[in-house]
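Those letters in the sequence shown? Residues 12 to 419, per this note's numbering, in order.
The C-beta atom is built at its ideal place from N, Cα and C for all residues, glycine as well.
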Amino acid sequence: MFGFGKRESGSNQPTVISRISEAFGWWGGSSSIAPALSNTTAMQNPAVMCAVRTIAEGVASMPINIIETKEVDGLSKRTIRKDHWASKLINKPNAYQTRFEFVEMMISNAVLGKGALALKTVVGGEVRELLPIPSGIWEMEILTNGSYNFRVRFTDGSSRVFAAKDCLFFRGLSLDGYSSISAIETARKAVGIANALEGQTLQTASNGGRPSGVLSIGDPEDGVALDEDTRAKIIALWKDRFSSNGEGGILISSGYSTDFKPIQQNAVDSQLIESRKYQVEEIARIFRVHPAYLMASGTITPEIQRAHVRNTLMPWVARFEQALAASLLQAEPNLLFDFDEHELLRGDHSALKDFFASVTGVGGSPAIMSVNECRYELGLDPIADEWARTPLKGGYENSAIQKEESSK
């Protein structure tokens, strides 16, 4: 597994001038309200977990094809190459992960931290495996000649350097051209505040919650205040019945007159609720995910879904596609990786009917897709007849098949 990517020997080799680490534990200092975060601790926050899953699972849900482009009669035509080794590799990247799991892990690491890294196993000039490296155990070494290596630290304490050419690496938004801005470092304060608010809520719940009212108990004998022993017994009984693990029910204080006055929700309680909502929205902003996907507000409409695919998922898709092509298909520039986002954009049956009617020329509009291309989008087998293979000239209304159907 690790028999590649060694440094070349020699005294004239470039030296390391900077290191960019994926171990987050010491970055940015720490405080009680904004402790240092790692990928694991950041994902313990439900909003962060939901945002990362929304992006990673969305990208991983897209089918991935190898597309070959050729010039035919002056036109650029695209063909899906299912027989290419890179297609087989991306659909089974290693012995222990499916395509979905591999893409999900890579996107998750890239979204959270400084980038996503996988090592390549090359046999006979072909990449046979892609082995993802978890965040927190690698660092990028920038060299004096402007290139970079990756140092991976293993569980036994040893480390090894891998050349960039032996790795698949991609990053998010970058200010230095080498590594991306860490989302969890940027979100450290927002996540810290959200965690503090959750801790406050948990503490309140574990103590039986804020008192729902004030119980006044009078002594029927002489009207004086209760003695300490009696007060302690009533408090113990109240806690036993109405704490977080109490059985509830009706409390009867025998021998004493009682008066219960309920306490209404105050401004502090309302502010806590609003603050928790705001922190979820703040985390949504950092990951560029609509709050509806974090179950914070509103419902996911078709417009929000299209904006989510276009603005949230597609930038990560483009980064991953280009990194895969640059790392795996350098010798074949006419090939590219294509994540098919159409699966995520499908509307209801009525919307699909209107769409396919318009692109095949129904209603007099120019036909831009053939029937077989529409069937492919629906996951159906093609029709062998010639009329189904190319867009109908003049639209459906002027086609021979429509005239034949009209004459029946």
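Taking Cβ positions, are residue 75 and residue 350 nearer each other than 8 Å?
Numbered from its first residue, the sequence shown carries residue 75 at position 64. Numbered from its first residue, the sequence shown carries residue 350 at position 339. The Cβ-Cβ distance between residue 75 and residue 350 falls below 8 Å.
Give me, in chain order, the residues of the same chain whose beta-carbon lies closer than 8 Å to that of residue 103; leave out the 5 immediate sequence neighbours on both sides.
Position 92 of the sequence shown, counted from the first residue, corresponds to residue 103. Take residue 103, set aside five residues on each side of it, and the residues of its chain with a beta-carbon closer than 8 Å to its own are 109 and 110, in chain order.
Does the Cβ of residue 306 have 16 or more other Cβ atoms within 10 Å, making it buried, or fewer, making it exposed?
Against the sequence shown, residue 306 aligns to sequence position 295. By the neighbour-count rule (16 or more Cβ atoms within 10 Å), residue 306 is not buried but exposed.
Beta-carbon gap between residue 105 and residue 79 smaller than 8 Å:
The residue labelled residue 105 in the question sits at position 94 within the sequence shown. The residue labelled residue 79 in the question sits at position 68 within the sequence shown. No.
From this set, 330, 373, 377 and 164, which residue's C-alpha is nearest residue 70's C-alpha?
The residue given as residue 70 occupies position 59 in the sequence shown. Nearest of 330, 373, 377 and 164 to residue 70, Cα basis: 330.
Close-in-space but distant-in-sequence residues of the same chain around residue 281 (CB under 7 Å, 5 per side omitted):
Within the sequence shown, residue 281 is the residue found at index 270, counting from 1. Caution is warranted here: a pLDDT of 47 is assigned to residue 281, below 50, making its placement in the model unreliable, and the coordinate value is therefore given only provisionally. Shown here for residue 281: not one same chain residue has a beta carbon closer than 7 Å to its own, the five before and five after excluded.
Have a look at residue 182 and residue 132 and give me their C-alpha separation to the nearest angstrom.
Within the sequence shown, numbered from 1, the residue matching residue 182 stands at position 171. Within the sequence shown, numbered from 1, the residue matching residue 132 stands at position 121. Approximately 21 Å, taken between the alpha carbons.
Spatially closest choice to residue 158 from 190, 129 and 145, by CA coordinates
Sequence index remark: in the sequence shown, residue 158 carries index 147 (1-based). In terms of CA proximity to residue 158, 190 leads the group 190, 129 and 145.
Looking at the structure shown, is residue 401 part of a helix, part of a strand, or coil, going by DSSP?
Here the question's residue 401 lines up with position 390 in the sequence shown. It is coil, neither helix nor strand.
Host alpha helix (DSSP H) of residue 335 (start-end):
As a position in the sequence shown, residue 335 is number 324, starting the count at 1. That run of the alpha helix (DSSP H) goes 325-339.
Please classify residue 39: does DSSP put it in a helix, a strand, or coil?
To locate residue 39, count along the sequence shown from 1; it is residue 28. Confidence at residue 39 is low in this model, with a pLDDT of 43, below 50, so the placement of that residue should be treated as unreliable; the coordinate-derived value is given next. Of the three classes helix, strand and coil, the one that applies to residue 39 here is coil, per DSSP.
Cβ atoms of residue 128 and residue 195: under 8 Å apart, would you say?
Position 184 of the sequence shown, counted from the first residue, corresponds to residue 195. Position 117 of the sequence shown, counted from the first residue, corresponds to residue 128. Contact flag unset, no.
Could you check how far apart the C-beta atoms of residue 399 and residue 381 are, in whole angstroms? I think they sit under 8 Å.
Mapped onto the sequence shown, residue 399 falls at position 388. Mapped onto the sequence shown, residue 381 falls at position 370. The pair is a contact, with the Cβ atoms about 6 Å apart (cut-off 8 Å).
Kindly indicate the opening and closing residues of the beta strand (DSSP E) around residue 80.
For this step, residue 80 is matched to residue 69 along the sequence shown. Element bounds for residue 80: 75-83.
Round the Cβ separation of residue 33 and residue 112 to the nearest angstrom and send it over; I've been treating them as touching at under 8 Å.
To locate residue 33, count along the sequence shown from 1; it is residue 22. To locate residue 112, count along the sequence shown from 1; it is residue 101. Contact flag wrong, Cβ pair sits at about 20 Å.
What is the DSSP secondary structure of residue 107, reduced to helix, strand or coil?
As a position in the sequence shown, residue 107 is number 96, starting the count at 1. It is coil, neither helix nor strand.
Residue 64 (DSSP reduced to helix, strand or coil)
Numbered from 1 along the sequence shown, position 53 holds the residue referred to as residue 64. Residue 64 falls in the helix class under three-state DSSP.
Helix, strand or coil for residue 114, going by three-state DSSP, please let me know.
Residue numbering aside, residue 114 sits at position 103 when the sequence shown is read from its first letter. Looking at residue 114 - three-state DSSP - the assignment turns out to be helix.
Let me know the secondary structure DSSP gives residue 186 once reduced to three states.
Against the sequence shown, residue 186 aligns to sequence position 175. If DSSP states are grouped into helix, strand and coil, residue 186 belongs with coil.
Could you tell me the alpha carbon to alpha carbon distance between residue 376 and residue 370, rounded to whole angstroms?
The residue given as residue 376 occupies position 365 in the sequence shown. The residue given as residue 370 occupies position 359 in the sequence shown. Computed Cα separation, rounded: 8 Å.
Nearest-angstrom Cα separation, counted from residue 97 out to residue 146
Start at 1 with the first residue of the sequence shown, and residue 146 comes out as number 135. Start at 1 with the first residue of the sequence shown, and residue 97 comes out as number 86. Near 25 Å, if we compare the C-alpha coordinates of residue 97 and residue 146.
Three-state secondary structure (DSSP) at residue 322?
Indexing the sequence shown from 1 puts residue 322 at position 311. The DSSP-derived three-state label of residue 322 is helix.
Starting from residue 149, follow its DSSP beta bridges and name the residues at the other end.
Your numbering for residue 149 matches position 138 in the sequence shown. In the DSSP output, where bridge partners are listed per residue, residue 149 has 163.
By alpha-carbon positions, which one of 386, 144 and 94 ends up nearest to residue 173?
Sequence index remark: in the sequence shown, residue 173 carries index 162 (1-based). Comparing alpha-carbon positions, the option among 386, 144 and 94 lying closest to residue 173 turns out to be 144.
Where do the ends of the beta strand (DSSP E) carrying residue 101 lie?
Here the question's residue 101 lines up with position 90 in the sequence shown. Here residue 101 belongs to no beta strand (DSSP E); instead the alpha helix (DSSP H) covers 96-102.
Kindly indicate the opening and closing residues of the alpha helix (DSSP H) around residue 356.
Working through the sequence shown from its first residue, we reach residue 356 at position 345. Segment 353-356, the alpha helix (DSSP H) holding residue 356.
How would you write the range of the alpha helix (DSSP H) that residue 53 sits in, first residue to last?
As a working note, residue 53 is residue 42 in the sequence shown. For residue 53, the enclosing alpha helix (DSSP H) begins and ends at 50-53.
Quick one: grab the DSSP three-state call for residue 371.
One-based indexing of the sequence shown puts residue 371 at position 360. In the structure shown, residue 371 sits in coil (DSSP, three-state: anything other than H, G, I, E or B).
Starting from residue 310 and walking both ways along the alpha helix (DSSP H), at which residues does that stretch end?
Residue numbering aside, residue 310 sits at position 299 when the sequence shown is read from its first letter. That residue, residue 310, is in no alpha helix (DSSP H); it is neither H nor E in DSSP.
Look at residue 323 and residue 299 and say whether their C-beta atoms are less than 8 Å apart.
Here residue 323 refers to the residue found at position 312 of the sequence shown. Here residue 299 refers to the residue found at position 288 of the sequence shown. In contact: residue 323 and residue 299 (Cβ atoms closer than 8 Å).
With distances taken from CA atoms, which of 26, 346 and 313 is nearest residue 93?
For the purposes of this step, residue 93 is taken as the residue at position 82 of the sequence shown. Closest option to residue 93, Cα to Cα, is 346.
So what's residue 395 in DSSP terms, helix, strand or just coil?
Stepping through the sequence shown from its first residue, residue 395 is reached at position 384. Coil.
Comparing alpha-carbon positions, which option in 148, 54, 175 and 184 lies nearest residue 167?
Taking the sequence shown and counting its residues from 1, one reaches residue 167 at position 156. The residue from 148, 54, 175 and 184 with its alpha-carbon nearest to that of residue 167 is 148.
Is residue 25 helix, strand or coil when you go by DSSP?
As a position in the sequence shown, residue 25 is number 14, starting the count at 1. Residue 25: coil per DSSP, three-state reduction.
Under the rule that 16 or more other beta-carbon atoms within 10 Å means buried, what is residue 290, buried or exposed?
In the sequence shown, counting from the first residue as 1, residue 290 sits at position 279. When all chains shown are included, residue 290 counts as buried.
Identify which residue in 100, 28, 121 and 61 has its Cα closest to the Cα of residue 326.
Against the sequence shown, residue 326 aligns to sequence position 315. Looking from the CA of residue 326, the closest CA among 100, 28, 121 and 61 belongs to 121.
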